[in-house]
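Novice: Heads up: the sequence lines are chains A and B, in that order.
Just so you know, we're using my numbering here: the first sequence kicks off at 525 and counts up by one.
Just so you know, we're using my numbering here: the second sequence kicks off at 1370 and counts up by one.
Each residue gets a CB set at the ideal place from its N, CA and C atoms; glycine is no exception.
Given the structure is predicted, the values throughout are model-derived calculations rather than measurements.
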Amino acid sequence: MRDIFIRRLMDIAVADPRIFLITGDLGFGVLTQFEERFPKQFLNVGVAEQNMTGVATGLALEGRIVFTYSIGNFPTLRCLEQIRNDVCYHNANVKIVSIGGGFSYGQLGMSHHATEDLAILRAIPNLAVVSPGTDWEAAEATSALVSRPGPCYLRLDKSSSDAQPRPGEQFEIGRARVLTEGDDIAIIATGGILAVALGASRRLAETGINARVISIHSIKPFDSETILDAARETGGIVTLEEHRIEGGLGSVVAETCMDGGVFPRGFRRLALDGGFACAVGDQQYLRQRYGMDEDAVCAAVQQTLASVDA
Amino acid sequence: MRMTSRGGSAHIGSVFSMADILATLYGGFLRLDSSDPAAPDRDRFILSKGHAGAGVYAALAEAGFFPISKLDTHYQNGSDLSGHVSHVNVPGVELSTGSLGHGLPVGAGMAYGAKLDGRHHRVVVLLSDGECDEGSVWEAALFAAHHQLANLLAIVDYNKIQSLKPVSETLGLEPFADKWKAFGWSVTEVDGHDPAALMQAFRSVPKATDAPTCIIAHTVKGKGVSFMEHSVLWHYRTAREEEFNAALRELSETS
């Protein structure tokens, strides 16, 4: 997704001199082309994320559209108060980009797992929280962020689903995408793990279970209507996210259903539960280890449907 | 004094230590137009020691950005004037602060943008001494020097007392001027209660065309009220009736 993001950002930067990209000394080999083509729209501030976010705010308040770029938790949790007080309270036009949502940097260890970002950042006023699941969503989200004034967090994943958009489909922040039709169960996913949801839905189809797979690329603003429809029309909801169970996608879906007075027949959240993910392994391995692979999704769907039948 | 006593807010000592600095900035140094607070070529002033926001509100009202009567609402329920400086519904406030270590990075970003665009306004950030404990201040100090932001002026209100104890007993800053110099800044030290000396120091900025400037203003916490001067207590205490009257008497004698 990061290459897709940079390519799209370069396409936009050609025509819009307000675009400004700041990195906290990361992006080896990825940002080089941007820097070469747009030297006056690029800055490496060094390993200093608090200053990066403050500088971004200053530049944005003076009229630029500023993207801050780093990996994992560095552009978010490391400088959380700068995001809250400087960027968001002033509604500054800063787009915070993290490469490496969830277990993207699995083997690098706990420090590099971005597994609390969605919950923490969605609590901050004025901040849109966007977490694409496909390369198309990542590219379109990049354009949409530029058109949308104000703060945004863009969580990019190393993995992505290869699901293609429908012909002529328009991307809109805050509008969920229904990727497969089905009424037996709804599988709601955010981020690259969407691919697992789609894989599971294909396996379920073989057993006669038709799943409605929904991609939530916008955690905030959130598409309540599509979720309430799924709660009304399907046999239950299973949420899937490479994130802590507290406060992420599953929580948003549960809140939405309660607030909307529509209660799914069954409900399961697949997310990182228990303690930190201490096991070493790549993204694929960690998904399997912590119960968010296709087997886990299929099992959760079966259990959810069984609990409804019981 | 009236604002903090009526409202029951803290930090009067921190306001008084920077009062002469603010008076000099708003009284002639900063290029501002109260009828056009967002004029593109205005100087940008950021109070990074946001806890002394009452001083900026008072200075802005005196400079005509909003009616002086609005100051009566400071710290009151339903007011726009919070204890720590906030920009919402307050014309002239460039940046809301209150958590320390935020002003210099944002000011550096503004200065960097102005330099990129070839604009000539100045960016002035006023910090506290205790604030210089924050690592983000030094991240921004490195950044501003590396990018030769001569349009950036940092003023440190060096009253030598922080939240609980003297700076020297908490997290010593000395040799303070040398630290800023080592980070690549031009440094001037000045008596922060001598308006003529302050104005001269401000007007000599930038001292170098390839470096940001730091003015270390030596000040007295609680300046102007004998029983508040050099006192940690008045970082927090609100003047009660007798103290309030005594303070006003002293202030009116010296003003």
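1. Find the residues of chain A that neighbour Ala1477 of chain B, judging by a C-beta separation of less than 8 angstroms, and give them in chain order.
2. With 8 angstroms as the C-beta to C-beta threshold (strictly closer), list the residues of the segment 604-618 of chain A near chain B in chain order.
3. Can you confirm whether Leu585 of chain A, when its beta carbon is compared against all beta carbons of chain B, has any partner nearer than 8 angstroms?
4. Hey, is Gly1482 of chain B's beta-carbon within less than 8 angstroms of any beta-carbon in chain A?
5. I'd like to know if Val569 of chain A contacts chain B, where contact means its C-beta is closer than 8 angstroms to some C-beta of that chain.
6. Taking 8 angstroms as the limit between beta carbons, can you name the residues of its chain near Asp1449 of chain B, skipping five residues before and five after?
7. Report yes or no: do three or more beta-carbon pairs, one from the segment 613-622 of chain A and one from the segment 560-574 of chain A, lie closer than 8 angstroms?
8. Could you please give me the residues that DSSP links to Ile1530 of chain B through a beta bridge?
9. Taking CB distances under 8 angstroms as the criterion, tell me whether His1471 of chain B reaches chain A.
10. Between A:Ala721, A:Glu696 and A:Leu583, which lies nearest to Ala687 of chain A when the distance is taken from Cα to Cα?
11. For Ala1477 of chain B, I'd like the list of residues in its chain whose CB is within less than 7 angstroms of its CB, leaving aside the five on either flank, ordered along the chain.
12. According to DSSP, is Asn568 of chain A part of a helix, a strand, or is it coil?
13. Identify, in the order they occur along the chain, each residue of the same chain with its Cβ nearer than 6 angstroms to the Cβ of Ala823 of chain A, setting aside the five sequence neighbours on each side.
14. Which residues share a DSSP beta bridge with Glu543 of chain A?
15. Under three-state DSSP, which class holds Cys676 of chain A?
16. Which residue wins for smallest C-alpha separation from Gln807 of chain A, given the options A:Ala820, A:Thr600 and A:Gly624?
17. Skipping 5 residues on each side, what residues in its chain have a beta carbon closer than 8 angstroms to that of Arg542 of chain A?
18. Using CA atoms only, rank isn't needed, just tell me which of B:Ala1577, B:Pro1474 and B:His1604 is closest to Val1556 of chain B.
19. Rounded to a whole number of angstroms, what is the C-alpha to C-alpha distance between Val776 of chain A and Ile743 of chain A?
20. What runs of the beta strand (DSSP E), each 3 residues or longer, lie entirely inside the segment 709-757 of chain A?
21. Does the pairing of the segment 633-647 of chain A with the segment 694-712 of chain A give three or more beta-carbon distances under 8 angstroms?
22. Let's see if you can read the secondary structure: which residues bound the beta strand (DSSP E) around Ile761 of chain A?
23. Return the first residue and the last residue of the alpha helix (DSSP H) that Val821 of chain A is part of.
24. Does any residue of chain A have a CB that is nearer than 8 angstroms to the CB of Leu1401 of chain B?
25. To which residues does DSSP link Cys1583 of chain B through a beta bridge?
26. Using only alpha-carbon positions, find the residue among B:Glu1612, B:Ile1390 and B:Trp1549 that is nearest to Val1594 of chain B.
27. Within the continuous beta strand (DSSP E) that includes Lys1484 of chain B, where are the two ends?
28. Considering only the beta carbon of each residue, do Ala735 of chain A and Ile709 of chain A sit closer than 8 angstroms?
29. Can Ile717 of chain A and Glu765 of chain A be called in contact, C-beta distance under 8 angstroms?
30. Curious, which full-length alpha helix (DSSP H) runs of at least 4 residues does the segment 636-691 of chain A contain?
31. Using DSSP bridges, identify the partner residues of Lys619 of chain A.
32. With H, G and I counted as helix, E and B as strand and the rest as coil, what does DSSP make of Ile697 of chain A?
33. Strictly under 8 angstroms for the Cβ-Cβ distance: is Leu1485 of chain B near chain A by that measure?
34. According to the Cβ coordinates, are Ile1390 of chain B and Asp1526 of chain B closer than 8 angstroms?
35. Residues of chain A with CB closer than 9 angstroms to the CB of Ser1448 of chain B, please, in chain order.
36. For a test of your reading of the model: does the CB of Cys612 of chain A fall under 7 angstroms from any non-hydrogen atom of the ligand FAD? Yes or no.
Specialist: A quick look at the data gives this:
1. As a working mapping, residue 1477 of chain B is identified with position 108 in the second sequence. Asn575, Gly578, Val579 and Gly582, listed in chain order.
2. Glu605, Gln606, Asn609, Asp610, Tyr613 and His614
3. Stepping through the first sequence from its first residue, residue 585 of chain A is reached at position 61. Interface residue, yes.
4. On the second sequence, residue 1482 of chain B is found 113 positions in, with the first residue counted as 1. Closer than 8 angstroms to some Cβ of chain A, the Cβ of Gly1482 of chain B qualifies, so yes.
5. One-based indexing of the first sequence puts residue 569 of chain A at position 45. For Val569 of chain A, the answer is yes, since a Cβ of chain B falls inside 8 angstroms of its Cβ.
6. What you label residue 1449 of chain B is simply residue 80 of the second sequence in a count that begins at 1. Cβ within range, chain order: Lys1439, Thr1442, Ser1455, Val1457, Asn1458 and Val1459.
7. no
8. On the second sequence, residue 1530 of chain B is found 161 positions in, with the first residue counted as 1. BP columns for Ile1530 of chain B point to B:Pro1535.
9. Within the second sequence, the letter at position 102 stands for residue 1471 of chain B. Yes, because at least one Cβ of chain A sits closer than 8 angstroms to the Cβ of His1471 of chain B.
10. In the first sequence, counting from the first residue as 1, residue 687 of chain A sits at position 163. Checked all of A:Ala721, A:Glu696 and A:Leu583; the closest Cα to Ala687 of chain A is A:Ala721.
11. As a working note, residue 1477 of chain B is residue 108 in the second sequence. Result list for Ala1477 of chain B: Ala1509, Phe1512, Ala1513, Leu1518 and Leu1521, in chain order.
12. Mapped onto the first sequence, residue 568 of chain A falls at position 44. In the structure shown, Asn568 of chain A sits in a strand (DSSP, three-state: E or B).
13. As a working note, residue 823 of chain A is residue 299 in the first sequence. Correct list: empty, nothing qualifies.
14. The residue labelled residue 543 of chain A in the question sits at position 19 within the first sequence. With the sequence shown as reference, residue 543 of chain A is identified as Ile, and Glu is not the correct amino acid for it. Looking at the DSSP assignment, Ile543 of chain A forms a beta bridge with A:Ile589.
15. Taking the first sequence and counting its residues from 1, the one referred to as residue 676 of chain A is at position 152. Three-state DSSP puts Cys676 of chain A in a strand.
16. As a position in the first sequence, residue 807 of chain A is number 283, starting the count at 1. For the residues A:Ala820, A:Thr600 and A:Gly624, the minimum Cα distance to Gln807 of chain A belongs to A:Gly624.
17. Position 18 of the first sequence holds residue 542 of chain A. Excluding positions up to five away in sequence, the list reads Gly587, Arg588 and Ile589.
18. For this step, residue 1556 of chain B is matched to residue 187 along the second sequence. Here the closest residue by C-alpha is B:Ala1577.
19. The residue you call residue 776 of chain A lines up with position 252 of the first sequence. The residue you call residue 743 of chain A lines up with position 219 of the first sequence. Their backbone Cα atoms lie some 8 angstroms apart in a straight line.
20. 709-713, 735-739 and 742-744
21. no
22. Translated into positions along the first sequence, residue 761 of chain A becomes position 237. Unbroken beta strand (DSSP E) run through Ile761 of chain A: Ile761 to Arg768.
23. The residue labelled residue 821 of chain A in the question sits at position 297 within the first sequence. Residues Glu818 to Asp833.
24. The residue labelled residue 1401 of chain B in the question sits at position 32 within the second sequence. No, Leu1401 of chain B lies away from the interface with chain A (no Cβ there is under 8 angstroms from its Cβ).
25. Residue 1583 of chain B sits at position 214 when you count from the first residue of the second sequence. DSSP lists B:Ala1523 and B:Val1556 as partners of Cys1583 of chain B.
26. Translated into the one-based positions of the second sequence, residue 1594 of chain B becomes position 225. Residue B:Glu1612 is the option with its Cα nearest to Val1594 of chain B.
27. Here residue 1484 of chain B is taken as the residue at index 115 of the second sequence, counted from 1. Taken as a continuous stretch (DSSP letters only), Lys1484 of chain B belongs to no beta strand (DSSP E), being part of the alpha helix (DSSP H) at Gly1472 to Leu1485.
28. For this step, residue 735 of chain A is matched to residue 211 along the first sequence. For this step, residue 709 of chain A is matched to residue 185 along the first sequence. Going by C-beta atoms, Ala735 of chain A is nearer than 8 angstroms to Ile709 of chain A.
29. Here residue 717 of chain A corresponds to residue number 193 of the first sequence, with the count starting at 1. Here residue 765 of chain A corresponds to residue number 241 of the first sequence, with the count starting at 1. In contact: Ile717 of chain A and Glu765 of chain A (Cβ atoms closer than 8 angstroms).
30. 641-646 and 659-671
31. What you label residue 619 of chain A is simply residue 95 of the first sequence in a count that begins at 1. DSSP lists A:Phe591 and A:Cys676 as partners of Lys619 of chain A.
32. As a first step, residue 697 of chain A is located in the first sequence; it is residue number 173 there, counting from the start. The answer is coil: DSSP assigns Ile697 of chain A none of H, G, I, E or B.
33. Here the question's residue 1485 of chain B lines up with position 116 in the second sequence. Judged by the 8 angstroms Cβ criterion, Leu1485 of chain B is in contact with chain A.
34. Mapped onto the second sequence, residue 1390 of chain B falls at position 21. Mapped onto the second sequence, residue 1526 of chain B falls at position 157. It is a contact, given that the beta carbons lie within the stated cut-off.
35. Taking the first residue of the second sequence as position 1, residue 1448 of chain B is located at position 79. Per Cβ cutoff of 9 angstroms: no residues; Ser1448 of chain B is ~17 angstroms from chain A at best.
36. Here there are no bound small molecules, and the ligand FAD is not part of this structure.
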